[in-house]
């Protein structure tokens, strides 16, 4: 394992988790778990949020545990530092190409959503922790970026189960904390304003993920073979970002084909 690979894995875990906020489930949870909705159910918002974040972290731990098993399998490869770094570079470029929809290429989206009937069927701790766990595991609901796959790939390439577990935990924590975005929304109009701001920031969030993927590819190439190789890979990543007449504008796929989330009820369709 190298320091560059470990840092890259943790960085992409945080970035991917943040991008998941714009998934249908992420937006629905912001609408479904907020001071206004929890007060109407007779619940304390802060306690519901605590259950949700705990569930999301546990989901991330499950993701990290699975990645840790792969890290054990790939430990012999991780001992070959340069080879592991170049494979990581390739993984970053594949993720970037998928997010950019280069030549129509993409990774599976898994368009599944949480069952919001849980809100009326189950107790607070169960629906909050259950929703959080499904979101925190990353692959149980809508996948908003190829960086989610990249988290597992880089964590496994480190060859360290402990670091893989940390990556999954960071991913789950970041995804869970997104529910706090609605902490100050105590009225319907405030909630609608929040969703309007989120909608405007969605393309920016995808561009930010692609930028990190490109920079990470260049940085890992530099760690593997020096300045010239790192610069070459960075230029390749830039070309992937800019190719096509639409330039940086995200194409339908990771975000464009997702169902619409209703900002007032938290339901999707």
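In our numbering, the protein residues as written are 22 to 290. We put the CB at the ideal spot given by N, CA and C, even for glycine. As the structure is a prediction and not an experimental result, all values here were calculated from the model.
Taking a cut-off of 8 Å for Cβ pairs, the region 88-100 and the region 174-184 touch, as three or more such pairs fall below it. DSSP places residue 52 in the helix class (H, G or I) of the three-state scheme. Closest by C-alpha distance to residue 204, out of 52, 90, 174 and 229, is 52. When Cβ pairs closer than 8 Å are counted between the two stretches, the region 146-158 is seen to touch the region 62-81, the count reaching three or more.
Residue 172 and residue 108 have their alpha carbons spaced roughly 13 Å apart. Within 10 angstroms of the beta-carbon of residue 192 lie 16 or more other beta-carbons, which makes it buried. Closest in alpha carbon position to residue 93, among 165, 183, 71 and 42, is 183.
When secondary structure is reduced to three states using DSSP, residue 216 falls in the helix class.
For residue 192, the uninterrupted alpha helix (DSSP H) run begins and ends at 182-198, by DSSP. For residue 118, the enclosing alpha helix (DSSP H) has its first and last residue at 102-121. If you draw a straight line from the Cα of residue 209 to the Cα of residue 200, it comes to about 16 Å.
A check of alpha carbon separations from residue 88 across 137, 166, 190 and 39 identifies 190 as the nearest.
Apart from the 5 residues on each side of it in sequence, residue 104 sits with its Cβ closer than 7 Å to the Cβ of 98 in its chain, given in chain order.
Annotation: the continuous alpha helix (DSSP H) that includes residue 97 extends over 96-99. Closest in C-alpha terms to residue 113, from the list 64, 50 and 257, comes 257. Taking the Cα positions, residue 166 is about 31 Å away from residue 141. The Cβ-Cβ distance between residue 223 and residue 117 does not fall below 8 Å. According to the DSSP assignment, residue 24 belongs to the alpha helix (DSSP H) that extends over 24-40. Setting aside the 5 residues that flank it on each side, residue 95 is surrounded in the same chain by 177, 178 and 180, each with a C-beta closer than 7 Å to its C-beta; the list follows chain order. Between residue 188 and residue 24, the gap from beta carbon to beta carbon reaches 8 Å or more. Counting only the Cα atoms, residue 202 lies some 21 Å from residue 169.
One Cα belongs to residue 72, the other to residue 42, and the distance between them is close to 18 Å. In this structure, the straight-line span from the alpha carbon of residue 33 to that of residue 239 is close to 14 Å.
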